[in-house]
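There are 2 protein chains.
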Amino acid sequence: MDDLAQVRRVDGEALTALKGELQGQFGNRYSDNTSVREQHGHTLTWTGNQPPDAVVFAQSTEEVSQIVRLCARYKAPVIPFGTGTSLEGHVNAPFGGVCIDLSMMKRVVAVHPEDLDCVVEPGITRKELNDYLRDTGLFFPIDPGADASIGGMVSTRASGTNAVRYGTMKDNVIALTVVMANGDIVRTARRARKSSAGYDLTRLIIGAEGTLGVVTEITLKLHGIPEAISAGVCPFPDIDACCNAAIATIQSGIPVARMELMDKIGVQAVNMHSKLGLPETPMLLMEFHGSDASVKEQAERFGEIAEDLGGGPFTWATQAEERTKLWQARHDAYWACFTLRPGTKAIATDICVPISRLADCVNETHKDIADSRLVSPIIGHVGDGNFHCNLLVDINDGDEMQRAEGFLERLVQRGLAMEGTCTGEHGVGQAKMKYMGEEHSAATLGVMRTIKQALDPDNIMNPGKLVP
Amino acid sequence: MDDLAQVRRVDGEALTALKGELQGQFGNRYSDNTSVREQHGHTLTWTGNQPPDAVVFAQSTEEVSQIVRLCARYKAPVIPFGTGTSLEGHVNAPFGGVCIDLSMMKRVVAVHPEDLDCVVEPGITRKELNDYLRDTGLFFPIDPGADASIGGMVSTRASGTNAVRYGTMKDNVIALTVVMANGDIVRTARRARKSSAGYDLTRLIIGAEGTLGVVTEITLKLHGIPEAISAGVCPFPDIDACCNAAIATIQSGIPVARMELMDKIGVQAVNMHSKLGLPETPMLLMEFHGSDASVKEQAERFGEIAEDLGGGPFTWATQAEERTKLWQARHDAYWACFTLRPGTKAIATDICVPISRLADCVNETHKDIADSRLVSPIIGHVGDGNFHCNLLVDINDGDEMQRAEGFLERLVQRGLAMEGTCTGEHGVGQAKMKYMGEEHSAATLGVMRTIKQALDPDNIMNPGKLVP
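Sequence lines, in order, name chains A and B. First residue of the first sequence: 1, per my numbering; consecutive thereafter. First residue of the second sequence: 469, per my numbering; consecutive thereafter.
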């Protein structure tokens, strides 16, 4: 299989000309100001800043198409940008080029309550969308933690705490409008809830991280806001018991909405940060959606399963205020981590394994954290076998950073050895490209490369990401 | 966008040589006997028989790869075959070539009860799989009616009666092994329940109808057999009331497992065929899965919704025997149709529209059936907006066949005009290729063609299907 086309950094007169054309067309929605460029060349992780040559704030699909056509003429890289909350260097511009900032495209184009769907522009964030939907009785469930843009969530195939019930982005997108590498505007599917009419271009673009096209409109599935919610926390003697309870819960058909694992050090962190007084042992944080009777029954049945497996007591509530208090631990988890090592930075990473291997994987990872003299709570979307390490590191300590890198490498190897994946929901970006050849066979990667080459022959769409 | 490569029918000495090589390698698992070839060149519909030049009964992924490599050398068409239950001419061989019959590949490679998944070969049928799983407490839910092979169900992106609860094939496949056009064996993903590591090749192959590769192994999601099931029938005054009840049911968050619409003539047919005495008016057939308490509650809540909308009484039961009796109408529907016009053939077709348009679409279709002097019950997976017409036609009556063809054409146009798709679950095959250019824009079809060309440059994989 051939390599992808060599990416050429546009510079000199060509760059001046390209920038001039963009500025002429987009006026004050164009910028090559250093601080704007740097703001668009960062991620939340420790990856270095790699700014684009210019940033354009697009307002419509047609404008995105114009920008991409122009870039195609110059063979200049195109990097789509939503909120910049991605974690693996997805929006860095290692070869410069033009960043298309989609944050001005945040219209809700249509809501169809009877069809339980809506059509939105990519720049709207999930919280903005849910605020907009509030009066309809509907909501968009996918919750990756950060208030990411819907376009970004499409592009990384995001999921989060309630994927166990509502699925991931791949399960909640009906259709997309995408600007391809040649500027063509492609609508991937119609608004019917299912179709067998041709290749699933929708799913091909979901998770493609902008390397095949720029998403400019999204038709999303919506769900009815549940009539009732019950939620609670349940301590367990160890990680194995947590995982066994999770498996038994799913096997028994309880339609759990959220089921989050928090390890002992995670609980210690939230106790310190939020003065919670939780028992410092691994726990599951649970949430159930349904009718009044159903969420009560689900919570009770989970409580019995937990007790059978040595866990409990399961403290749960249905009133909003009490529920919020019980779930405070989970909501505060990210910021609470820093109380474990004030002044450090967090390296957030994720892997995902078959749930039967989750306990082994978490236990081995705990041992590795200790052996590597690192500090990292583990928090997991246990219903999916997906978990996060949040490494708290002193990025100025070379020795520690080396130990952290060794740990991250082994974490992925451990996941892959257990039939897992190097990323369950964060995506590949720059940082996990080196694992693509281990996760996939040469033939599988070959197919990905063939598709990339065919649809983006000059390799201008977010180059240096995803496909090695 | 270029056209696909011209398909060359292999004949003369080349064909003799190809057949000789296959016979040499596969012995009595090779056949070019006319009746075997014709058996593999038919579908369940009225499309004519187009037999392949030879049929090989493969026993492993490696064998499939050998056959495809050989065919690639001769540029001979490759047509994968499961059970032959597809409805749109998917297994016809308009350019001859080699049919790979996968019916001997029906092993269950692994069942992972804790992960709720299994690994199977493509030739196993859904009923065979569920028989195999019976003692595990798990089941595979997708039910397209026919006892199709899992490989065929992957390839047509099948769904059926309980997609409203469990999704379609795209939602229930974790990973695939696929033999590509060059003979490469590609594993699309690992066994983790979700992943963001690269392009979604799994979903690209699902629904590709064998035009990109031959599926040789499937990792499927399984579900716990529900603790309890309630089911029943509910008559409504008209189609609008049925559809409004369906919409209200879904909006209210009742996790309905099956919700089938049967029109008045459909009810008349099952009354005649099975002596049921049902009220001859449109009805919904419902099924609920969950705990004992939950299925009771779901049925009661549906009953209230139905009553509010002028329907009912909703007759339901939880005991297996009574449930079966209530659902007998739906089970007998296909064969019961023929009592409406004994001696005729059925043309089964499907479209899918946003559920808000379903009542309009069905009502207009009823009028068209009457105006066209045709006979066709309408049965629908109403939770998805997907419905079927089962045209009962005298295929020797040229005038009637012409009216039927006009009707089928208008049915698709009507669906497309309502933001729907020309096929919700049957697939494109040969028969619906002519609609692909109406359903999708030239740019969208261009992307599909680019992918097909890139992955199958000689156009040997099931040519003459899906991509026009």
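Using N, Cα and C, we set each Cβ at its ideal position, and we do this for glycine too. If you're wondering where the values come from, they're calculated on a predicted model, not measured in any experiment.
Tell me whether residue i is buried or exposed, calling it buried when 16 or more other Cβ atoms sit within 10 Å of its Cβ.
i: G488(B); result: exposed
i: N396(A); result: exposed
i: I707(B); result: buried
i: A910(B); result: exposed
i: R671(B); result: buried
i: M469(B); result: At M469(B) the pLDDT is 49, less than 50, meaning the model places this residue with poor confidence; the figure from the coordinates comes in the next sentence. When all chains shown are included, M469(B) counts as exposed.
i: V109(A); result: exposed
i: G874(B); result: exposed
i: E765(B); result: buried
i: M461(A); result: buried
i: A899(B); result: buried
i: G27(A); result: exposed
i: S617(B); result: buried
i: D3(A); result: exposed
i: P279(A); result: exposed
Does the beta-carbon distance from residue i to residue j come in below 8 Å?
i: I484(A); j: I247(A); result: Since the displayed chain A opens at 1 and closes at 468, residue 484(A) lies outside it and no answer follows.
i: G198(A); j: M869(B); result: no
i: A228(A); j: S291(A); result: yes
i: G97(A); j: D53(A); result: yes
i: I67(A); j: V56(A); result: yes
i: A231(A); j: L309(A); result: no
i: Q518(B); j: P562(B); result: yes
i: G380(A); j: L261(A); result: yes
i: V215(A); j: G151(A); result: yes
i: D836(B); j: R798(B); result: no
i: T83(A); j: E217(A); result: no
i: I674(B); j: S720(B); result: no
i: C524(A); j: L276(A); result: Residue 524(A) is absent from the model: chain A starts at 1 and stops at 468.
i: T679(B); j: K933(B); result: yes
i: T219(A); j: V173(A); result: yes
i: I722(B); j: L116(A); result: no
i: W803(B); j: H894(B); result: no
What three-state label does DSSP hand residue i in the structure shown?
i: G492(B); result: helix
i: M469(B); result: Low per-residue confidence applies at M469(B): pLDDT is 49, beneath 50, and the placement is therefore not dependable, though the value from the model is reported in the following sentence. M469(B) falls in the coil class under three-state DSSP.
i: P80(A); result: strand
i: E439(A); result: helix
i: A257(A); result: coil
i: N33(A); result: coil
i: K732(B); result: helix
i: H849(B); result: strand
i: A761(B); result: helix
i: L15(A); result: helix
i: I142(A); result: coil
i: I863(B); result: coil
i: A158(A); result: coil
i: V270(A); result: helix
i: L455(A); result: helix
i: I67(A); result: helix
i: N858(B); result: strand
*Residues within the segment 671-693 of chain B neighbouring chain A, beta-carbon criterion of under 7 Å*: Among the residues of the segment 671-693 of chain B, those with a Cβ less than 7 Å away from any Cβ of chain A are R671, L672, I674, G675, A676 and G692, in the order of the chain.
*Which ranges does the alpha helix (DSSP H) cover as unbroken runs of at least 4 residues, wholly within the segment 652-722 of chain B, from first to last along the chain?*
669-673 and 707-719
*Which ranges would you report for the beta strand (DSSP E) in the segment 297-368 of chain A if only whole runs of at least 3 residues count?*
Every unbroken stretch of the beta strand (DSSP E) spanning 3 or more residues and falling wholly within the segment 297-368 of chain A is given here in chain order: 315-317 and 345-352.
*Using Cβ-Cβ distances below 9 Å, what residues of the segment 795-826 of chain B are close to chain A?*
D818, I819, C820, V821, P822, I823, S824 and R825
*Contiguous alpha helix (DSSP H) assignments of at least 4 residues, all confined to the segment 539-605 of chain B*: 594-601
_Chain-ordered residues of the segment 844-876 of chain B with a beta carbon less than 8 Å from chain A_ = Shown in chain order are the members of the segment 844-876 of chain B whose Cβ falls below 8 Å from a Cβ of chain A: D852, G853 and N854.
*asked:* For the segment 70-82 of chain A, list every residue whose C-beta sits within 8 Å of some C-beta in chain B, in sequence order.
replied: none
*Any residues in the segment 161-186 of chain A with a beta carbon nearer than 8 Å to a beta carbon of chain B? Which ones, in chain order?*
Flagged, chain order: A163, G167, T168, K170, D171, M180, D184, I185 and V186.
_Within the segment 403-452 of chain A, ranges of the alpha helix (DSSP H) (whole runs, at least 4 residues)_ = 436-439
*asked:* Output needed in chain order: residues of the segment 139-162 of chain A with a Cβ under 9 Å from some Cβ in chain C.
replied: No chain C is present in this structure, whose protein chains are A and B.
*In the segment 229-254 of chain A, which residues sit with their C-beta less than 8 Å from some C-beta in chain B, listed in chain order?*
I247, I250, Q251, S252 and G253
_Residues of the segment 573-594 of chain B in Cβ contact with chain A at a cutoff of 8 Å, in chain order, please._
H580, P581, E582, D583, L584 and D585
*Residues of the segment 920-934 of chain B with a CB closer than 9 Å to any CB of chain A: list them in chain order, please.*
Result list: K920, Q921, A922, L923 and L934.
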